[in-house]
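One structure is given below, encoded as structure tokens.
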Amino acid sequence: MILALIFKIACLCGGILLGITALDKLDGESDFFNDIAKKLMPFTTLIGGTVLGLGIFYLLHFDHLIFNLVAIASGLLLLTHVLSQVPTIGESLVKVSKKLKPFKVILGVSLFILTLLRFLGIVLFS
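Note that this note's numbering has the sequence shown beginning at -8, numbered continuously upward.
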């Protein structure tokens, strides 16, 4: 239960970091999402690792497949700068991350929205 809450919070933060260009247009001139993103920026690696790791963990349970796949893709995007240091599979992970780069904003906004819905108890694509 606590692990699920940590996963949701990390997904919400990851969605804000990845989808900041689209979310910034929603708040108008208040810079609400920009301020949050600036505070979250130093924790990008921690957030990305949590989203990727727990996304894989929950994917193994075959529960909420779409949400977990979006979380894994988002985690790869958040960890692009760290993935090259992983032995043996680092280059492959960087290639996958670079192929996902054009979908960064789409994945971020979808992760943000799906996480908000999960916080409200609304589960789509079960």
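Each residue gets a CB set at the ideal place from its N, CA and C atoms; glycine is no exception.
(Q) So, with DSSP's three-state summary, where would you put Thr79? (A) coil
Q) According to the Cβ coordinates, are Thr106 and Gly6 closer than 7 Å? A) yes
Q | Residue of Val114, Leu9, Lys16, Leu43 minimising C-alpha distance to Leu31 | A | Leu9
Q) When you compare only the Cα positions, how much space is there between Leu69 and Ile38? A) Leu69 and Ile38: Cα-Cα distance of roughly 8 Å.
Q | Simplified DSSP assignment, three categories, for Phe58 | A | helix
**Q.** Secondary structure of Gly70, DSSP reduced to three states
**A.** Note that residue 70 is Leu in the sequence shown, not Gly. Correct three-state label for Leu70: coil.
Q. Based on Cα-Cα distance, which residue from Ile57, Ser65, Val96, Leu14 lies nearest to Arg109?
A. Ile57
Q.
For a test of the three-state rule: what should DSSP assign to Leu84, helix, strand or coil?
A. helix
Q. Nearest CA to the CA of Leu67: which residue from Thr12, Phe103, Lys86?
A. Lys86
Q. Taking Cβ positions, are Thr12 and Val96 nearer each other than 7 Å?
A. In this structure, Val96 lies closer than 7 Å to Thr12 by Cβ.
(Q) Could you check whether Val42 and Ala(-5) sit closer than 7 Å to each other, using their CB atoms as the reference points? (A) no
Q. Within this structure, are the beta carbons of Leu115 and Val61 separated by less than 7 Å?
A. Not closer than 7 Å, so no.
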